[in-house]
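For the protein sequence lines, the chains are E and L, in the order given.
Here my numbering is used: position 49 in the first sequence is 54, and no number is missing along the way.
Here my numbering is used: position 671 in the second sequence is 708, and no number is missing along the way.
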Amino acid sequence: MILQLKHIFKGYGDPQKNNFRKVLEDLDLEVHANQKIAIAGPSGSGKTTLLNLIGTLDQPDSGEIIFKGTNITGYSQKELAYFRNRELGFVFQMHHLLPQCTVWENVLLPILPIKKIAGKAEKDWAEYLLRKVGIWELRNQKPSSLSGGECQRTAVVRALINKPQLILADEPTGALDEKNAGNLAELINHISSEEGVSLIVVTHSAELASQMDKIYKLKNGQL
Amino acid sequence: MTRFALIFKSFSHYLKANLLVTLGVSISTAVLTGSLIIGDSVTFSLEQSAFYRLGTTTHTVSTTDRYFRTQLAGELANKGGFKVAPVLMLEGIAVAAGGNERVNKVQMTGIENCFEEIAKSKIYLNLKDNEVIISKNLAERLHLKKGDSFITRIKKASLIPLNAPLVSDAETSVSFQATIKEIADQQSMGFFNLKNSQTAPYNLFLSLDKLNSLMKFTGKANCLLVSAPNFDNHRISALLDSCFTTWDAGLKVKEIPLLNETEITSERVFIEDQIVTAFKPLRESFAVLTYFANSLEFNGKSTPYSFISTIDDNELKDNEIVINSWVASDLNAKPGDSLNVKYFEIGPLRQLVEKQVKFVIQNVVPIEGKYADKDLMPSLPGLSDAGHCRDWETGIPIRLESIRAKDEGYWNQYKGTPKAFISLKRAHQIWGNRFGNYTAIRINSADFSDKSYNALFSASIKPANLGILVQSVKENGLKAARNGVDFSQLFLGLSFFLLSAAIILTALLFLLNLENRKTEIGTLLILGFTRNQIRTLFLGEGVLIAIVGALFGLLIAVIYTKLIFLALNTLWWDVVRTSVLMVDIQTTTLITGLIISILIAILTILITIYRNFKRQAIELQRQQDHQQSFLLKRIKKWLMFASLILALGLTAYQLFIPESLNSSLFFVSASFMLLGLLLLADFSLHWYGRKLVVSVSLVSLNQRNRSQNIGRSLTVIILFALGTFLVVSTGANRHDSLSNIMDKRSGTGGYQYFAETTIPVLFSLNDKDRRLKEGITTSFFADQFSKIDGDDASCLNLNRATNPAILGADTGIFKDRFSFESKCPEIQNSEVWEALNNTSSDGVVPAIADQTVIEWGLGMKVGDTITYKNNRGEPLKLKLIAGLSSSIFQGFILISETNFQKNFPTNSGSQLFLIDVTENNAQKTGEELGSVFRDYGWEMTTTRQRLMEFNSVTNTYLSIFLALGALGLILGTVGLAVALARSLIERNSEMVLLRSLGFSRRQVVSLLVREYGVLLIWGVIIGFISAVVAVLPNFLSAKGNTSFLTVLLIVAIIILNGIFWIIGLSFYSVRENKKIVNKTY
């Protein structure tokens, strides 16, 4: 088991006042190595909140998050940053590529928090991934020259550059047309299987969800 | 790919946005570096003006009221191996166009050919007879050109101090017709001036011989211009000592064959004690004092107008007198009889007081031998050369009707042979005066030798003992220039708001850029970059922005400086009063400005980054506002209450205390008020953002919108609050009019007129007889002042004054006049003027000056001491015991008349006058005095005008502050426009939504205008309230004068300017929305 969420509570607003809204209530989740999970649910059910908690972008009001046997809930900001960089990969609905950097530079960006410059090993790995997703020829282009699908594929490569244990994808196909969505869904699934990376996907796409090992529905703050 | 590469890529990708930020950096660099360059340039200009006014002169040998040989220059030059030029410097008046054009205080300098080496200009060679060279400013003022003729009137120099007893005041000036040979500009010593001032005097140069002959001198000078760059004062003084002779001290030696005596006399008539002491070692020498008595009376009989001398007789008691047989016969007196001697004692302004003293006749002597010595009579022009008694011209009134034929007979036969003799001690008691206690030294001829005479003189008398001093004028001039008004600091202060606005604009624009890239920041955080790493990336971009902006700013700094100088030379001329300001750009200054600007920019950007990075990644991704911590909320709340309570409390306290209002405390209250009101605005914005709205309205919508981005809303409020505060409080401090100006306690002292003359007036203007004689018919009272020239220490001189002009004042006249801004704590308020009469045991003399002079002219404070040299070359320490509140005496140091006469006894007459006259008679009196004293170079202004002239300097500084503050506000408006434009772009979808919900374009614009207009007016109101508190003393004080109109005008302009931008941009954004709406549908 690489990830365990225990008794997670999360709400927004001031608990003392009447504008407090509970989002996640006593939520538990377990993710095993190489496992692929889809999380579905209606709008406002807390899917993105859950993903943000797993991705350490937000803190639960109570509960524990245990990753590879270590409780990361009490980590400092610096420790969390390191954790995110080494263990997690993110793919968002909007690709969030840096517009000023080329494809090549964007995919190597996650190296820079740890190293001053990308070494040969990282570059070789980046080349491998770019070829694998089919955008090696576009490596010197900037995001403004790419299609939505190509941008998302770049984002996927970026997510894998540090060989994470877990990829978190929040509506990765949400901004794409049907054809590109399908291609991307297949790509994510395929890559995570090949590279042995666990995957948690938040999605409305039935097609993408169907490719996962497990589908959870988030309702009333619980899975 | 490296972090460095990422920084460069980000900088160039967001180049347009970054260039906007560099604009803010450039402006702050320009203002900061510009201020430094301005300071350098003014100092440089003043230094240059020192070179222009001195030529190659490095030192001077000068005296106030003595004259030495012109040959002294050549002798000193030979000994030292440097250049020396003798000059005779006097003051005068120039008159042209038949008297219609008149210039007073013209510096008249008699020169020889060697002056050419000082001036480095050949135009000064071979000036003949009536040929003169005048300065360009004089030529322009009188509308004269080369070859033209005009009249000059020059103050009559006298070898004898004009206020000395028995000296005639018949001629106080001499006129002559001058022809212009050449006009001297700045390059050819047209600016010649030994005083440290940037304002060029009017100069006239003529032949030294010609000037000597006009003064009825031969070969005299009163100043040596020395060009000796490798010599210091000490060495030059030592060389001067070795050249200085008895001739230079005005001493003459004469044989008296009748008595086998040699007589030493002075061309100044009275001999100083120190000279007499020097010759005491001469064997058998004795000193003599001869005086002129009005009458010798006995038993109802009177012998008029007789000289009485002293004799070297140890047996003559102090109350005894020896008379000659002529007097004994005239009065029918004999030994043992009591004789009454009447004489005049001469006070300041030649006031004559007749005194009398009784003697007992010890002996009657025949007119022979030592009792027939007509050489005992001092050589007095108008007396000793008179053929008859009736031709006498003395400094005392002669009643011609009392002169009898026998008196004429005595004069014909015996001339001024003394008719009586008393002891030297008694003579000192009754006739000793500040000019000297002796009229001659007599030595047995057999014991006299030129060698011992000169040796004794050289051993004991140095030029400095006689007030002939060596001064390092060039060194002092450069020092005064360098220590003068610091224009760097001044302009930094004046452009404080402009600088602040530029820094705020930099921060605002950088913040907008950061906000624009929030998702990028969020992405980096998610990718595992720590906050510090991301800050570093953005800081790196910030450093690039700072460097580019600062470099560009240096270019703007040069233009900014040139514009400021253009204004200083024209619009703001009142502050500098010179047209020789030059821009001087030094590399070190540019580098300093560059480094400081870059550091300020980096700091600004760093603070912006740190403040912005408090947000969580998720807030950035969701574009949520950062929530304030509870602690911060608490602190701000308490600070707000404390500031407001303190502000109101201090203001109330100030209003009710009985003493005069304290302007500084009001400014402190205003600062607290400003802080408190701004915190209140912050609190309100947060509260509106949080509160639950039940009744939704356009007002509640506006409130929500203003609270959506509190940082941005607050920036607008702060910018306009600060700008309004500074501009309004400055505008309200302008002294545009002077109320209660004729109050005795005001700066005019209740006097109507302030007048100065070029040529001293030797008599009292209040003397009824004299008024009759001069034809003065109007009724007024005049207070007159003796004056020693010095540096102009008023705010009109940019140089540091070291020795301001000194006035001698009768302290009794100022009771209940003027008021003081500061004083020594040991002096009571009501006794400040009287304290001028106190002298401490160490000889320090109390002095009073205008507070402005003390603080800004001298760079000192009350209690400090300035050192001068008196007429005898002795140090004179003046202690500043009080500072006058803004008065007509600005530029002068005041001491008591008694102390003045003690230290500057040879200073004759008055050159400064205060006229007290009723308002009905004011104009007539002014015109009459101007006419009567025209030839004295009478220059008169109303005291109101004089104060206004000083105020013009303050007002000009305030105008500069206002102008730069207004620039700052314009910058603030640019900031407002940019923030507004940015917000409208971000809220584009919001505008579209409102339109789709049915809001008309006009309604949407109205919403936006109300939203931002309220922020603008909120800021202006906060600034205005605070400014009113700051200048409350002006509103409340009787002496205050606040220009309400100016203040309201400023506020109106600020508001209108802001509203203009808000309406314009709002209309534009809604117009743009229409396109999008059209596109969508």
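Note that beta-carbon positions come from the ideal geometry of N, C-alpha and C, so glycine has one too.
Computed from a predicted model, the values in this text were never measured in an experiment.
So, helix, strand or coil for residue i, using DSSP?
| i | result |
| --- | --- |
| Q21 of chain E | coil |
| N470 of chain L | strand |
| I1096 of chain L | helix |
| Q144 of chain L | strand |
| H465 of chain L | helix |
| E863 of chain L | coil |
| L618 of chain L | coil |
| C426 of chain L | helix |
| L608 of chain L | coil |
| V124 of chain L | strand |
| H96 of chain L | strand |
| M710 of chain L | helix |
| K219 of chain E | strand |
Just checking: is the beta-carbon of residue i within a distance shorter than 8 Å of some beta-carbon in chain L?
| i | result |
| --- | --- |
| R89 of chain E | yes |
| Q98 of chain E | no |
| A174 of chain E | no |
| C106 of chain E | yes |
| I71 of chain E | no |
| A123 of chain E | yes |
| E155 of chain E | no |
| L113 of chain E | yes |
| L8 of chain E | no |
| A126 of chain E | no |
Alpha carbon to alpha carbon, what distance is there between residue j and residue i?
| i | j | result |
| --- | --- | --- |
| Y1049 of chain L | F97 of chain E | 36 Å |
| I1121 of chain L | V1046 of chain L | An answer regarding residue 1121 of chain L cannot be provided, because it is not within the stretch 38 to 1118 covered by chain L. |
| I498 of chain L | G845 of chain L | 28 Å |
| S831 of chain L | G920 of chain L | 13 Å |
| G424 of chain L | W893 of chain L | 58 Å |
| T761 of chain L | F1061 of chain L | 6 Å |
| A518 of chain L | K232 of chain L | 12 Å |
| L591 of chain L | I601 of chain L | 15 Å |
| P177 of chain E | D33 of chain E | 24 Å |
So with CB distances below 9 Å, who are the chain E contacts of residue i?
| i | result |
| --- | --- |
| T573 of chain L | Near T573 of chain L there are no residues of chain E at all, since even the closest Cβ is about 11 Å away, more than 9 Å. |
| T560 of chain L | F95, F97, H101, L102, L103 and L114 |
| H50 of chain L | L103, P104, Q105, C106 and K147 |
Whose C-beta lies closer than 8 Å to the C-beta of residue i among residues of the same chain, with five residues either side of it excluded?
| i | result |
| --- | --- |
| L506 of chain L | V98, S99, T100, P500, K906 and G910 |
| S343 of chain L | F329, A330, S332, L333, V364, P455, K456 and A457 |
| K219 of chain E | Q40, K41, I42 and A43 |
Using a Cβ cut-off of 8 Å, pull out every chain E residue sitting near residue i, in sequence order please.
| i | result |
| --- | --- |
| K21 of chain L | No answer is possible for residue 21 of chain L: it lies beyond the span of chain L, which begins at 38 and ends at 1118. |
So which residues on chain L does residue i lean against when the C-beta distance must stay under 7 Å?
| i | result |
| --- | --- |
| F95 of chain E | I563 |
Could you tell me whether any Cβ in chain E is nearer than 8 Å to the Cβ of residue i?
| i | result |
| --- | --- |
| R40 of chain L | yes |
| E557 of chain L | yes |
| S1063 of chain L | no |
Leaving aside the five residues before and after residue i along the sequence, list all residues of the same chain whose C-beta is less than 7 Å from its C-beta, in chain order.
| i | result |
| --- | --- |
| I119 of chain E | N90 |
| D780 of chain L | G787 |
| N57 of chain E | D63 |
| S186 of chain L | Q214, A215 and T216 |
| W429 of chain L | G419, L420, A423 and I435 |
Run down chain L in chain order and give the residues with a C-beta less than 9 Å from the C-beta of residue i.
| i | result |
| --- | --- |
| Q82 of chain E | T567 and R568 |
| P118 of chain E | L561, L564, G565, F566, T567 and Q570 |
Kindly list the residues whose CB is nearer than 6 Å to the CB of residue i, restricted to its own chain and excluding five residues on each side of it in sequence; keep chain order.
| i | result |
| --- | --- |
| S933 of chain L | T848, L873 and N874 |
Heavy atom of the ligand NAP less than 7 Å from the Cβ of residue i, yes or no?
| i | result |
| --- | --- |
| A518 of chain L | Because no ligand of any kind appears in the structure shown, any question about the ligand NAP cannot be addressed here. |
Give the interface partners of residue i over in chain E, defined as CB-CB distance under 7 Å, in chain order.
| i | result |
| --- | --- |
| K46 of chain L | Q105 and C106 |
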